Amino acid sequence: MKRPESPQPVTLTEAIIPIASLVVLVGLSYYLFGDAGASGPNQVGLVVATMISVFIGWRRGHTLASLGEAAVASVSTGIGAIFILFAVGALIGTWALSGTLVGMVYYGLKLLSPNYFYVTAAAICGFVSMSIGSSWTVAGTIGIGLMGIAQGMGLSPAITAGAIISGAYLGDKSSPLSDSANLAAAAAGVELYRHLREVFLTSAVAMVISLGVFYFFGRPGDFDASAEIQAMRGAFHISLWLFLPLILVIMLAVFKIPPFTAIFLGALAGGLLAVCVAPERVIAFAAARSDVPVWLALVKGVWLALASGYKASTGNPALDILVTRGGMESMLSTIWLIITALAFGGVVEKCGVLERLIEPVIRKAKSAGALVASLVGAILATNIVTADQYIAVVLPARMFRSAFARRGFEPVVLSRAVGDTGTPTGALIPWNSCGAYMAATPGVSTLSYAPFAVFCFVSPLLTIAIAYAGIRMPRLAAGATEGSASASASTESASSYPDE
373 MKRPESPQPV TLTEAIIPIA SLVVLVGLSY YLFGDAGASG PNQVGLVVAT MISVFIGWRR
433 GHTLASLGEA AVASVSTGIG AIFILFAVGA LIGTWALSGT LVGMVYYGLK LLSPNYFYVT
493 AAAICGFVSM SIGSSWTVAG TIGIGLMGIA QGMGLSPAIT AGAIISGAYL GDKSSPLSDS
553 ANLAAAAAGV ELYRHLREVF LTSAVAMVIS LGVFYFFGRP GDFDASAEIQ AMRGAFHISL
613 WLFLPLILVI MLAVFKIPPF TAIFLGALAG GLLAVCVAPE RVIAFAAARS DVPVWLALVK
673 GVWLALASGY KASTGNPALD ILVTRGGMES MLSTIWLIIT ALAFGGVVEK CGVLERLIEP
733 VIRKAKSAGA LVASLVGAIL ATNIVTADQY IAVVLPARMF RSAFARRGFE PVVLSRAVGD
793 TGTPTGALIP WNSCGAYMAA TPGVSTLSYA PFAVFCFVSP LLTIAIAYAG IRMPRLAAGA
853 TEGSASASAS TESASSYPDE
């Protein structure tokens with residue numbers, strides 16, 4: 373086949389090849405390396421899949437320069453997420469140094485029980501996320517403490533992470549403060565609070581189901597945490613003052629301070645708190661030369677915690693494992709994964725791979741249930757391919773908008789399905805920026821916690837179920853339907869794809 377001089381649409385086979393190569397390479401990586409695949413092998417697989425996509429795009433008339441620009445532009449959309457990851461790593465380091473993390477675990481062990489820990493963790497995260505509208509902030513602050521409590525109780529890290537993420541995504545999907553909720557409403561052309569009313573119905577049911585599952589997972593029996601509590605009191609100065617950095621971050625989030633700023637200020641507050649309540653610990657951790665002034669040794673200790681995390685030496689192995697963590701450095705593998713995944717997504721979007729795969733699905737969807745199920749599948753595929761939650765919200769909404777109008781459905785039906793699927797399913801995909809973040813923050817691999825992130829997979833299943841049942845599927849007025857149908861018909865007639 374002669375290479376065209378100008379870009380041409382890809383064939384169905386050409387559209388399948390990059391996706392198939394990605395699935396095969398990442399699957400092989402997990403088979404050979406297990407969870408360690410996220411530390412490098414997955415990234416290599418994504419780079420190879422990107423190069424395959426580049427070849428297909430070049431073969432269809434795209435220049436290498438334009439494909440490179442598409443990759444760079446896609447990666448640039450993830451810069452915000454990358455800086456948030458750096459901030460979270462810094463926050464974990466200084467909170468471990470100051471004792472904030474230990475304080476959260478200490479009081480959690482005193483107040484909570486394994487019988488209802490999972491359900492309580494999900495409920496707490498759900499409440500806070502509804503208040504601030506950010507799953508990332510919840511997972512990066514309260515979630516870290518809850519993981520430590522679970523470790524102290526000997527509970528499953530995977531189930532705990534699933535409970536934290538389930539609660540965290542309640543607000544990300546349903547709070548008026550959530551950027552993804554606002555984006556879903558805007559992409560479908562729906563007034564925000566109309567969208568939130570519809571989404572909250574499915575969110576409430578999904579959360580009730582999630583809480584029921586986590587209550588079932590509760591471990592009955594007596595639990596004695598006296599040894600752990602005594603060890604913490606011996607190594608750290610435990611008081612409610614340790615919660616000041618957490619309160620600061622939550623207050624900043626409530627006032628809609630950008631996540632990076634809020635989290636990094638929380639990290640700096642943790643460092644300042646460490647200097648105030650445990651200067652001897654900071655100086656010992658700094659291991660500065662004898663000629664270095666005390667104040668400069670304190671600066672070095674906090675600086676090290678921000679950059680490389682805190683490395684504890686309390687003499688208690690279990691406590692050292694709990695507290696030795698954090699630092700911007702700890703997030704580098706996750707950032708590497710996000711960069712390679714976004715580069716792949718930028719190239720396949722430039723080549724028109726998703727449009728080529730999704731358009732036949734839209735044409736074959738006859739019933740309302742099939743149309744919504746097709747949209748859910750398209751959003752999931754976009755989250756997998758582009759590794760970006762926001763693209764997964766905007767692109768399928770744009771592609772399916774005319775199809776929903778032709779079938780006579782109000783835009784809120786579209787926005788509800790987009791919100792129910794685009795936001796929570798990103799956390800279930802290891803190389804998606806959301807999945808990578810949610811794995812890095814609690815320290816549990818995506819594939820380990822995904823079966824327990826009940827809210828994230830129940831939400832899209834519910835939106836499909838109510839569509840097939842015909843529940844809350846409001847219709848457009850007849851005149852609006854006809855106008856949308858004629859506009860869609862003209863759009864369809866202008867689009868064509870090459871034969872195989």
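Following the numbering used here, the numbering of the sequence shown begins with 373 at its first residue and continues without gaps.
Glycine included, every Cβ here is placed at the ideal spot set by N, Cα and C.
Model, not experiment: these values are computed from the prediction.
Exposed unless 16 or more other CB atoms sit within 10 angstroms - verdict on residue i
i, result
"residue 722", "buried"
"residue 667", "exposed"
"residue 428", "buried"
"residue 377", "exposed"
"residue 382", "buried"
"residue 636", "buried"
"residue 788", "buried"
"residue 572", "buried"
"residue 824", "buried"
"residue 600", "buried"
"residue 483", "exposed"
"residue 892", "Outside the shown range of the chain, which is 373 to 872, sits residue 892, and nothing can be said about it."
"residue 912", "Here the chain comprises residues numbered 373 to 872, so residue 912 is not present and cannot be evaluated."
"residue 867", "With a pLDDT of only 48 at residue 867, under 50, the local geometry of the prediction cannot be trusted, and no value is derived from it."
Neighbourhood of residue i by C-beta distance below 7 Å, restricted to the same chain and skipping five residues each side
i, result
"residue 862", "At residue 862 the pLDDT is 42, less than 50, meaning the model places this residue with poor confidence; the figure from the coordinates comes in the next sentence. Same-chain partners within the cutoff: there are none."
"residue 679", "699, 700 and 701"
"residue 579", "498, 542 and 827"
"residue 767", "726 and 754"
Same chain only: Cβ atoms within 6 Å of residue i, ignoring 5 sequence neighbours per side
i, result
"residue 476", "517"
"residue 804", "755, 759 and 798"
"residue 443", "715, 718 and 719"
"residue 415", "708, 709 and 712"
"residue 658", "669, 672 and 673"
"residue 795", "544, 545 and 552"
"residue 405", "413"
"residue 388", "none"
"residue 435", "none"
"residue 818", "802, 807 and 811"
"residue 649", "609"
"residue 683", "696"
Closest by C-alpha distance to residue i, when choosing among the options
i, options, result
"residue 800", "534, 445 and 505", "534"
"residue 560", "797, 814, 829 and 781", "781"
"residue 556", "758, 772 and 685", "772"
"residue 386", "532, 627, 578 and 727", "727"
"residue 384", "610, 737, 432 and 401", "432"
"residue 833", "749, 786, 768 and 784", "749"
"residue 586", "523, 437, 489 and 526", "489"
"residue 642", "652, 448 and 614", "614"
"residue 836", "817, 746, 462 and 770", "746"
"residue 829", "656, 752 and 461", "752"
"residue 617", "703, 509, 399 and 449", "509"
"residue 704", "445, 456 and 375", "456"
"residue 423", "400, 391 and 408", "391"
"residue 816", "791, 528 and 450", "528"
"residue 584", "440, 598, 493 and 460", "493"
"residue 521", "742, 693 and 831", "693"
"residue 459", "395, 515 and 639", "639"
"residue 620", "634, 611 and 612", "634"
Contact set for residue i: own chain, Cβ-Cβ below 8 Å, skip 5 residues either direction
i, result
"residue 420", "393 and 397"
"residue 511", "497, 536, 537, 540, 809, 810, 813 and 814"
"residue 603", "686, 688, 690 and 691"
"residue 574", "788, 792, 831, 834, 835 and 838"
Inset, instruction - Let me know the beta strand (DSSP E) ranges lying completely inside the stretch 454 to 542, each 3 residues or longer, listed in chain order. - result: none
Legend entry - Three-pair Cβ contact test at 8 Å for the stretch 490 to 507 versus the stretch 542 to 556: yes
Inset, instruction - Please list the segments of the beta strand (DSSP E) lying wholly inside the stretch 796 to 848, counting only runs of 3 or more residues, in order along the chain. - result: Qualifying beta strand (DSSP E) stretches: none in this window.
Legend entry - Runs of alpha helix (DSSP H) wholly within the stretch 653 to 692 (minimum 4 residues, chain order): 666 to 680
Legend entry - Sufficient close CB pairs (3 or more, under 8 Å) joining the stretch 729 to 743 to the stretch 460 to 480: Contact fails: fewer than three Cβ-Cβ distances are below 8 Å.
Inset, instruction - Could you name each continuous alpha helix (DSSP H) segment of 4 residues or more that falls completely within the stretch 604 to 644, going from the start of the chain to the end? - result: 616 to 626
Inset, instruction - Quick one: which unbroken beta strand (DSSP E) runs of 3-plus residues sit fully inside the stretch 731 to 755? Chain order, please. - result: none
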